[in-house]
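First to last, the protein sequences are chains D and B. Under this note's numbering, the first residue of the first sequence carries the number 6, and numbering increases by one thereafter. Under this note's numbering, the first residue of the second sequence carries the number 6, and numbering increases by one thereafter. Heads up, the beta-carbon is just placed ideally off N, CA and C, and yes, glycines get one too.
2 protein chains.
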Amino acid sequence: MENVRELFQVMTRRFGLLNKNCCSIDGVDISLVQSHILYEIDKREYPSMQQVAEVLGMDITTFSRQIQNLVKKGLVKKTPLPEDRRVYTLSLTNEGKFIATTIDREIRQYLEEVFSHMTEFEKETVIRSIKLLNECMGKSSVCCKPLF
Amino acid sequence: MENVRELFQVMTRRFGLLNKNCCSIDGVDISLVQSHILYEIDKREYPSMQQVAEVLGMDITTFSRQIQNLVKKGLVKKTPLPEDRRVYTLSLTNEGKFIATTIDREIRQYLEEVFSHMTEFEKETVIRSIKLLNECMGKSSVCCKPLF
DNA sequence: AATGATTATTTGCAAATCGCAAATAATATA
DNA sequence: TATATTATTTGCGATTTGCAAATAATCATT
Chain D
6 MENVRELFQV MTRRFGLLNK NCCSIDGVDI SLVQSHILYE IDKREYPSMQ QVAEVLGMDI
66 TTFSRQIQNL VKKGLVKKTP LPEDRRVYTL SLTNEGKFIA TTIDREIRQY LEEVFSHMTE
126 FEKETVIRSI KLLNECMGKS SVCCKPLF
Chain B
6 MENVRELFQV MTRRFGLLNK NCCSIDGVDI SLVQSHILYE IDKREYPSMQ QVAEVLGMDI
66 TTFSRQIQNL VKKGLVKKTP LPEDRRVYTL SLTNEGKFIA TTIDREIRQY LEEVFSHMTE
126 FEKETVIRSI KLLNECMGKS SVCCKPLF
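As structure tokens, this is what we get:
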């Protein structure tokens, strides 16, 4: 049987490097964590600080400061929630959306290229496998549950 | 069709969190990068600094300092290579091996638990899928090749 | 063998990141 | 109204990062 952990380690490290390399867009440089933050904000509808920080497994204080940086860069907007003014709601500015979209396109292109080395059947099998894996990871009681 | 990038993002983030949570063993705390370094040294036969740094996509100077920390902690040994004394050869001490092994066991246990939510057939399909994916990522010309 | 070019690793340094503890500000509860 | 709880921010010190430059060993050329 395969060394499963090794397979995971290589795969996730490769994907991590890809993300890292995709962080320089049009003269705007953002860090890897900032890229993840933009991604999560883009994906959700006006999430709160806590929500995003938790999904990313980041300490809320570190997250708070990263958001401050992204606001300074003009990529993220913070809006107080009217019905509970303790919470701030996050959204992307147009520039932030542009950056997030560009990163997304690059990563998808890479994945397409990777899949181009497979048959259509293999590709579908792989994608279904990852989906199943995510579902089962979500069911696991051991670790890292919040994420989705 | 599924949002493939999203699937990858969730999966790799979960696995990343798992690694992060596995870094405290028996009173010895190591950081996530340090855990990756131990893993790679353990996997190889007396690799050089450069080799490991490159595989991990780390700046060599950052890597050098991390190795110094691990040596101070008594987890890693640096030996100059007799035939070329510029290069240092890395290996784990007994304590380092113990830490690496313990981390490995924990991660494997988690993965086993995840797979326990699948049929044997699904499990094998998923593992074969990840293997295929790694092979195709290795073939890709776009990004992140060195890794393996 | 002497010189300069190349290679592996380390240090100086300044910036970025991190996370705990404490502060602030708003809401919920009694 | 007083108190507890919750979301976010700030103080602070420790750690991590990566570029440029230093060091140290080997290689290439003469």
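| Item | Value |
| --- | --- |
| Does the beta carbon of B/Met-142 come closer than 8 Å to any beta carbon on chain D? | yes |
| In whole angstroms, what separates the C-alpha of D/Ile-112 from that of B/Arg-10? | 7 Å |
| Going along chain D, which residues have a C-beta under 9 Å from B/Ile-132? | Met-6, Glu-7, Val-9, Leu-12 and Ser-134 |
| So with CB distances below 9 Å, who are the chain B contacts of D/Thr-124? | Here the premise fails: no neighbours, minimum Cβ distance about 10 Å. |
| Where does B/Leu-75 fall in DSSP's three states? | helix |
| Establish whether the CB of D/Ile-35 and some CB of chain B are separated by less than 8 Å. | no |
| If you run the structure through DSSP and keep just helix, strand and coil, what is D/Leu-22? | helix |
| What is the rounded straight-line gap between the Cα of B/Ser-134 and the Cα of D/Val-15? | 13 Å |
| When you compare the segment 139–147 of chain D with the segment 74–81 of chain B, are there three or more beta-carbon pairs, one atom per stretch, that lie closer than 8 Å? | no |
| In chain B, what lies closer than 8 Å to D/Met-16 by C-beta? | Thr-17, Ile-135, Leu-138, Asn-139 and Met-142 |
| So, with DSSP's three-state summary, where would you put D/Arg-49? | coil |
| For a quick check, are the C-beta atoms of B/Glu-140 and D/Ile-132 less than 8 Å apart? | no |
| Taking the C-alpha atoms as reference points, what is the distance between B/Thr-84 and B/Leu-97? | 11 Å |
| Under a three-way DSSP split, which group does D/Thr-94 fall into? | strand |
| Straight-line CA distance for D/Gln-25 to B/Glu-127? | Here the sequence assigns Lys to residue 25 of chain D, which means Gln is not the residue at that position. In a straight line, the C-alpha of D/Lys-25 is about 32 Å away from that of B/Glu-127. |
| CB B/Tyr-115 to CB B/Met-54, shorter than 8 Å? | no |
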